[in-house]
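Residue numbers (my numbering): 70 to 172. Every residue, glycine too, gets a C-beta built ideally from N, C-alpha and C. First the structure, in the form of structure tokens, and then the observations on it.
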């Protein structure tokens, strides 16, 4: 867990904001990239440390999840209602603490 990073994605039509945290919940990096495959390609490829990502389920997240899945150790979609959590291929309770949700 100490070498795992956790990335929260805030997906919009034209931009994706992200925040990278370590296992202690300390923010390591924040930024905004364009919502294009070429811009998103630089994000996971530059990650040396394994990472788990989370994002809100919106109409724009489908292609992003498909694109990020091969590069992530895990990926979760979170509902606006926070009672519906869709783990795509890993269950990690630390996500709920790091991204401010409850189980």
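* C-alpha gap between residue 77 and residue 139, whole angstroms -> Position 8 of the chain shown, counted from the start, is the residue given in the question as residue 77. Position 70 of the chain shown, counted from the start, is the residue given in the question as residue 139. Cα-Cα distance, rounded: 17 Å.
* Asked: Where DSSP assigns a beta bridge to residue 94, which residues make up the other side?
  -> By one-based count along the chain shown, residue 94 stands at place 25. According to DSSP, which records beta bridges pairwise, residue 94 is partnered with nothing at all.
* Asked: Going along the chain, which residues of its own chain have a beta-carbon closer than 7 Å to the beta-carbon of residue 82, five neighbours each way excluded?
  -> Position 13 of the chain shown holds residue 82. Counting only Cβ-Cβ distances below 7 Å, and skipping sequence neighbours, we find 104, 129.
* Asked: Where do the N-terminal and C-terminal ends of the alpha helix (DSSP H) with residue 133 fall, by residue?
  -> Here the question's residue 133 lines up with position 64 in the chain shown. Its alpha helix (DSSP H) spans residues 130-137.
* Boundaries (first-last residue) of the beta strand (DSSP E) holding residue 80 -> As a first step, residue 80 must be located in the chain shown, where it is residue number 11. Counting along the chain, the beta strand (DSSP E) containing residue 80 begins and ends at 74-80.
* To do: Answer yes or no: do residue 116 and residue 74 have a C-beta to C-beta separation smaller than 9 Å?
  => One-based indexing of the chain shown puts residue 116 at position 47. One-based indexing of the chain shown puts residue 74 at position 5. The beta carbons of residue 116 and residue 74 sit closer together than 9 Å.
* For residue 108, which residues of its own chain have a beta-carbon under 7 Å away from its beta-carbon, when the five flanking residues on both sides are left out? -> For the purposes of this step, residue 108 is taken as residue 39 along the chain shown, with counting starting at 1. Taken in chain order, the residues that qualify are 102.
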